[in-house]
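Residue numbers (the working numbering), protein chains in the order written: chain A, 9 to 408; chain B, 112 to 629.
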């Protein structure tokens, strides 16, 4: 009996020891598993923080604020618009002309003359690879590039490409193309949202041209409180405004005017969405007021500005190249003023002189000059239309 | 009656003299011109605000880039030292931390070998292997100290304990609880001092895996990793250390940030994050240590444990991928090597006569060497700038205190002329200028390159290298002041000199300052 008892107690002791080790082993496993899981989960959260923000289905719209017949009368506006109809039908239309024209004329544009492209036709040229290839031939590289980030627009690679980063996309969004609009790429169909996502995924606050990208973000993001770029930088529109106001005024394409348009657009969106802090809004308004003061100071007596608008009064002279630059500078200035709030507006006479000079000058241009300076002219035409609170088709509705 | 243990030998005098010289050397090592100033600045910011910055407060272009500050406690220490004794105090702190670190290695190697000569040789080997890292005061010195303490703790555990000549005959003086507490405290502090705590975790992980595998192999049982005392101890040590590293303001994020740090794309262009190259000084050093390892192992009669192999391979692999890891590889390789070096020594020169007797039993006692050691220590202390807070004396001139590459003249110019706006300067000067430059200015880039958005960093490189787009990039960032290193940025200097838009406003032997003309 004693031997059995000893054997039993030995077995019990072994069992207890084994149980303790098993329990210890399980606890170790639980600890390691939970630590590993927590680490992986947290790492995944880090990655998700740079996930792209949610997009709206329909983008916000920038609306004209004013109706000032003294800047451009109905008749003057019709005359300008008739001259600036998009004569782009045919073989190899310059893509930057097409995207500028679409932005100017809008989707609803329809022309009875087949020499002019309708709004829908222009949009198809940009978003339908088949249409693009019909216009440009199979030797041209596709306008729409499918990448792992989405769909990008080929830019700055010649006449069959866009001229500014995200300008094509911004124009499509501004004219009201819904984000679920079908886009036909060489690799298959997708939606406009894929193009917006590509813009977001490649965006860097310090990229060369960012003005149109910032505008797209303001128009398309569901939540305007902020997001993280692929570089890991948290940005919101306060930071975007800091960026837009950082450079010297004339720096950048189109004499720095794209920044001013985007700033004005952000102010307008902020009135509804309140995504700017009071300090930022104040800073942007002051910045634009300073720009307005500079423009007022440097306006030529005839009403135009040129490439030196920031530093000196516009020069006189009738050089054709100078005319193009003047149209560019004056058209852009009127365009951003048209959507800017009242507190940054120039005196009435500044606007009137600028509007009248543009109207008169455009009326006097020949076909060749119009074709050569078409992109600049679209800004001018758009500006004049905005100053009447209308769309171009509304303005020439009695003819079309 | 004085303890016989205080009766040192003349060999101790020699050793103390060498350490004294080393201490003086560290004291007179000039403060480097790079990231220490950023760390002091961050530390000041933390002390002033009472909070850890979530992004870089001194690099405006990095706004929005989230920072997990792995060295915040070091920065606070630097700032406190600076507050207490100015920049001299930084130099003193650096010397004290380093001499303590090397003192620990000396002690560890003596415990392993029982021979002062070998211990000193090991310590010298560590010094030479991390020579390129020694020159710069930065939070890494605290990481180095923590690593030394870790090594000191490990010498009394297997597989080193039984190979340690001195320690294996000692009674275990500390309780188990004390040891676990010490590991916990070490890693809790280390995680807040410097990101190198990850290297410590790697060592412990390799130790745990090695001892577990060996135990399982020896006992032919998977349960051996729990039942084997040594294996269990190693595993628990790793767990305790890991949990301790969570004791920081960021929690688990600190570990994730540390693990992700090396993969930051900006670091690809930073020299100390390059992979090891054999033609470089570090490559030659690593090659020399490999030859030494091969020689010692060939001569040694000691067994090599799997844990040692894993630790060695891990640290060597880390160094091969990132050359700055040599700071942990160097001490590790000598720590692993010392028992084998002692064995090789014994094989070559035999054991000492009457080695079983303690030396005190054989030699007559006198305290003259002890007194001489004391004198040497006092002389070293009084000759070093570290003594000034105690003994008084003049502070060193700027040319002696700071490295020759510190842009003293440039900073003076910037201050005198109250330069404002964004300044483009070499990133290694960015921290110095941010700290010592005019208050209304900001710098384009500091040494915190990992915080710069990628586009900003590539733009910085394009300008710094004088590439064709340099001028357009400076326009993009509205930079009106450009500082160029005369020797290291020859192309940019030539471009700026030849540009009609920039004018030279200051020049000295080190740098040129350009300002935009309009």
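Built from N, CA and C at the ideal position, the CB exists for glycine as well.
Just so you know, these numbers come straight off a predicted model, no measurement behind them.
Beta-carbon to beta-carbon, residue 404 of chain A and residue 385 of chain A are separated by about 16 Å, too far to satisfy the 8 Å threshold. Nearest Cα to residue 624 of chain B within the set B:572, B:602, B:524: B:524. Shown in chain order are the members of the segment 344–368 of chain B whose Cβ falls below 8 Å from a Cβ of chain A: 346, 350, 353, 363, 364, 366, 367. Interface with chain B (9 Å Cβ-Cβ cutoff): residue 255 of chain A is included. With at least 16 other beta carbons inside 10 angstroms of its own, residue 442 of chain B counts as buried.
Scanning the segment 308–367 of chain B from its first residue to its last, the whole alpha helix (DSSP H) runs of 4-plus residues come out as 308–330, 335–338, 340–356.
Those residues of the segment 158–170 of chain A placed with their C-beta closer than 9 Å to a C-beta in chain B do not exist. Put simply, the CB of residue 212 of chain A is near chain B, with a gap under 9 Å to one of its CB atoms. The beta carbon of residue 586 of chain B falls within 9 Å of a beta carbon belonging to chain A, placing the residue at that interface. For the options B:620, B:621, B:600, B:595, the alpha carbon positioned closest to that of residue 614 of chain B is the one of B:595.
Close partners of residue 33 of chain A in chain B (Cβ separation under 7 Å): 337. Segment contact: the segment 173–192 of chain A against the segment 536–547 of chain B, fewer than three CB-CB distances shorter than 8 Å; contact not assigned. A Cβ of chain B is located within less than 9 Å of the beta carbon of residue 51 of chain A. Taken in chain order, the complete alpha helix (DSSP H) segments of 4 or more residues contained in the segment 155–208 of chain A are 175–182.
Listed along the chain, the chain B residues whose CB falls inside 8 Å of the CB of residue 47 of chain A are 363, 366, 367. Leaving aside the five residues that flank residue 65 of chain A on each side, the residues in its chain whose CB is nearer than 8 Å to its CB run, in chain order, 186, 187, 188.
Within the segment 466–539 of chain B, the runs of alpha helix (DSSP H) at least 4 residues long that lie entirely inside it are, in chain order, 470–473, 479–494, 499–502, 509–512, 519–527. When the beta-carbon positions are compared, residue 172 of chain A and residue 106 of chain A stay at least 9 Å from each other. The C-alpha of residue 287 of chain A lies about 16 Å from the C-alpha of residue 277 of chain A. At least one C-beta of chain A is nearer than 9 Å to the C-beta of residue 589 of chain B.
Taking all protein chains in view, the Cβ of residue 390 of chain B is surrounded by fewer than 16 other Cβ atoms within 10 Å, so the residue is classified as exposed.
Using a Cβ-Cβ cut-off of 9 Å, residue 318 of chain B does not count as an interface residue toward chain A, since no Cβ of chain A sits closer than that to its own. Residue 617 of chain B: member of the beta strand (DSSP E) spanning 613–618, first to last residue. Residue 299 of chain A has its alpha-carbon roughly 58 Å from the corresponding atom of residue 256 of chain B.
DSSP lists B:533 as the beta-bridge partner residues of residue 553 of chain B. For residue 445 of chain B, there is no enclosing beta strand (DSSP E); the enclosing alpha helix (DSSP H) covers residues 437–460. By a beta-carbon distance limit of 8 Å, residue 223 of chain B does not contact residue 405 of chain B. Their separation comes to about 19 Å. Under the Cβ criterion of 9 Å, residue 567 of chain B is counted among the residues facing chain A. For residue 561 of chain B, there is no enclosing beta strand (DSSP E), as DSSP marks it with neither H nor E.
At least 9 Å separates the CB of residue 244 of chain B from every CB of chain A. Ranked by Cα distance from residue 391 of chain A, the first of A:129, A:337, A:245 is A:337. About 5 Å separates the Cβ atoms of residue 295 of chain A and residue 253 of chain A, confirming a contact at the 8 Å cut-off. Under the DSSP assignment, residue 624 of chain B falls in the beta strand (DSSP E) whose first and last residues are 622–627. For residue 237 of chain A, the nearest beta carbon of chain B is closer than 9 Å to its own beta carbon. Among the bridge pairs identified by DSSP, residue 241 of chain A is matched with B:176. Counted as a single uninterrupted DSSP element, the alpha helix (DSSP H) harbouring residue 193 of chain B occupies residues 183–224.
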